[in-house]
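Going by our numbering, the first residue of the sequence shown is number 1, and it counts up by one from there. Just so it is clear, CB atoms sit at the ideal spot from N, CA and C, and this is done for glycine as well. These numbers come from a predicted model, not from an experiment. What follows is a single structure, written as structure tokens, with notes after it.
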Amino acid sequence: MVTINVAVLLAVVVFVRLRRRTEARSRFDEKLTVVIVLALGILLAPTAFGEGVLNVLGQLVGGVTQASR
1 MVTINVAVLL AVVVFVRLRR RTEARSRFDE KLTVVIVLAL GILLAPTAFG
51 EGVLNVLGQL VGGVTQASR
């Protein structure tokens with residue numbers, strides 16, 4: 001039996017949608033992409049990978065903030 005991780009499936013969908021040219025997108029298409037990306041973020045946030053990304057982004061923002069002072 002084959003199982004598909006929903007987060008991986010959404011990541012593939014986001015990748016395919018973002019490869020399209022910007023001129024070919026309608027407002028509805030852009031809104032749908034935003035909703036899919038938000039759903040992907042909600043699925044990844046509680047995982048170890050999501051927490052690692054949050055930690056890296058927090059360090060990056062902290063470094064930029066300190067550099068601007």
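Check: Is DSSP giving Arg73 helix, strand or coil here?
Finding: Since the first and last residues shown for the chain are 1 and 69, residue 73 lies out of range.
Next item on the list: Identify, in the order they occur along the chain, each residue of the same chain with its Cβ nearer than 8 angstroms to the Cβ of Val13, setting aside the five sequence neighbours on each side.
Entry: Numbered from 1 along the sequence shown, position 13 holds the residue referred to as residue 13. For Val13, where only same-chain residues beyond five positions count, the Cβ hits under 8 angstroms are Ile36.
Next item on the list: Following the continuous alpha helix (DSSP H) through Asn55, name the residue where it begins and the one where it ends.
Entry: Locating residue 55 in the sequence shown gives position 55, counting from the first residue. Where Asn55 is concerned, the enclosing alpha helix (DSSP H) stretches over Ala48 to Ala67.
Margin query: With H, G and I counted as helix, E and B as strand and the rest as coil, what does DSSP make of Arg17?
Written below: Taking the sequence shown and counting its residues from 1, the one referred to as residue 17 is at position 17. Under the three-state reduction of DSSP output, Arg17 falls in the helix class.
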